[in-house]
Amino acid sequence: MPVDLNHDRIFLRQRREIAELFGVETRNKYEILAMEGSPLGFVAEEGKGIGAFFGRAFLGHWRTFTINIFDTNRNLAYKALHPFRFLFQRLEITKATGQRIGALEQRFGVVTKRFDLEDAHGNVIMKMAASFWKPWTFPIYKNGEEVALILKKWSGTFSEIFTDKDNFTIEFKDKRLTTTERELILASAMFVDLNYFERKAGSNS
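Quick note: the sequence shown uses my numbering, first residue 65, plus one each step.
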């Protein structure tokens, strides 16, 4: 069953485990929330073994990994597959059945962050381009029009630092966005976090 993304605004909240506070890199986990705070779904990276641990600790977002997206009943809805790459990171999005939804492909940018959103056939249907001057703002464009916006929110209060790592607001500005397009935009928020905000264990940067 797909995650209900028929909202004007949703939130993606990454859970930070206690082990991360002591430099031990743990699996990426997120909650998908509606504007009023009700759960829409859950996200968890696969991999509990020693190989996965060292991959997260030393390879960061270069590593090969799979992210599972679940509905509120914990049923698998989608999978996001990340192949090993040093340059131009890519995320392949499929349904639980294996049917391809689309992909995200990082593009070269000197002072901007860029990636393309592709449909199931590899056609670019949307683009993300973030300005150097607005490093926490990630607008998504379709045919030159801004149709969605991803905003990174700080979680810096004393009470939050022990539970939450990164929070993102996803605004679906165009009500005509299809379910597939919304699924790709949701995956884009995770792609942004993994590429631009994930850090290796023990890193202070």
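Ideal placement from N, C-alpha and C gives every residue a C-beta, glycine not left out. Note that the structure is predicted; figures quoted are calculated from it, not measured.
If you drop the 5 nearest sequence neighbours on each side, which residues of the same chain put their C-beta closer than 7 Å to that of Ile157?
As a first step, residue 157 is located in the sequence shown; it is residue number 93 there, counting from the start. When the five nearest sequence neighbours on each side are left out, the beta carbons in the same chain lying within less than 7 Å of the beta carbon of Ile157 are those of Tyr142, Ala144, Ile165, Gly166, Ala167, Glu247, Leu248 and Ala251, in order along the chain.
Cα-Cα separation between Lys177 and Pro199, rounded to whole angstroms
Position 113 of the sequence shown, counted from the start, is the residue given in the question as residue 177. Position 135 of the sequence shown, counted from the start, is the residue given in the question as residue 199. Near 9 Å, if we compare the C-alpha coordinates of Pro199 and Lys177.
List in chain order: all unbroken beta strand (DSSP E) runs of 3+ residues lying wholly within the segment 151–190.
Taking only runs of at least 3 residues, the beta strand (DSSP E) segments lying wholly in the segment 151–190 are 154–159, 164–171 and 177–182.
What residue from Lys216, Met254, Thr243 and Asp230 has the CA that sits closest to Gly79's CA?
One-based indexing of the sequence shown puts residue 79 at position 15. Note that residue 79 corresponds to Arg in the displayed sequence, not to Gly. Comparing Cα-Cα distances from Arg79 to each of Lys216, Met254, Thr243 and Asp230, the minimum goes to Asp230.
Tell me whether Gly162 is buried or exposed, calling it buried when 16 or more other Cβ atoms sit within 10 Å of its Cβ.
Taking the first residue of the sequence shown as 1, we reach residue 162 at position 98. The residue is exposed, with fewer than 16 neighbouring Cβ atoms inside 10 Å.
Where the alpha helix (DSSP H) containing Arg246 begins and where it ends
Your numbering for residue 246 matches position 182 in the sequence shown. Boundaries of the alpha helix (DSSP H) harbouring Arg246: Thr243 to Val256, taken from the DSSP string.
Let me make sure I understand the geometry here. Which of Pro147, Asn207 and Phe172 has the alpha-carbon closest to that of Asn187?
Taking the first residue of the sequence shown as 1, we reach residue 187 at position 123. For the residues Pro147, Asn207 and Phe172, the minimum Cα distance to Asn187 belongs to Asn207.
Residue nearest to Phe179 in terms of C-alpha spacing, selected from Asn139, Gly105, Thr136 and Asn259:
Indexing the sequence shown from 1 puts residue 179 at position 115. Among Asn139, Gly105, Thr136 and Asn259, the Cα nearest to that of Phe179 is on Asn259.
Taking Cβ positions, are Tyr94 and Leu69 nearer each other than 8 Å?
What you label residue 94 is simply residue 30 of the sequence shown in a count that begins at 1. What you label residue 69 is simply residue 5 of the sequence shown in a count that begins at 1. Contact: no.
Could you tell me if Gly101 is buried or exposed, where buried requires 16 or more neighbouring beta carbons within 10 angstroms of its beta carbon?
Position 37 of the sequence shown, counted from the start, is the residue given in the question as residue 101. The residue is exposed, with fewer than 16 neighbouring Cβ atoms inside 10 Å.
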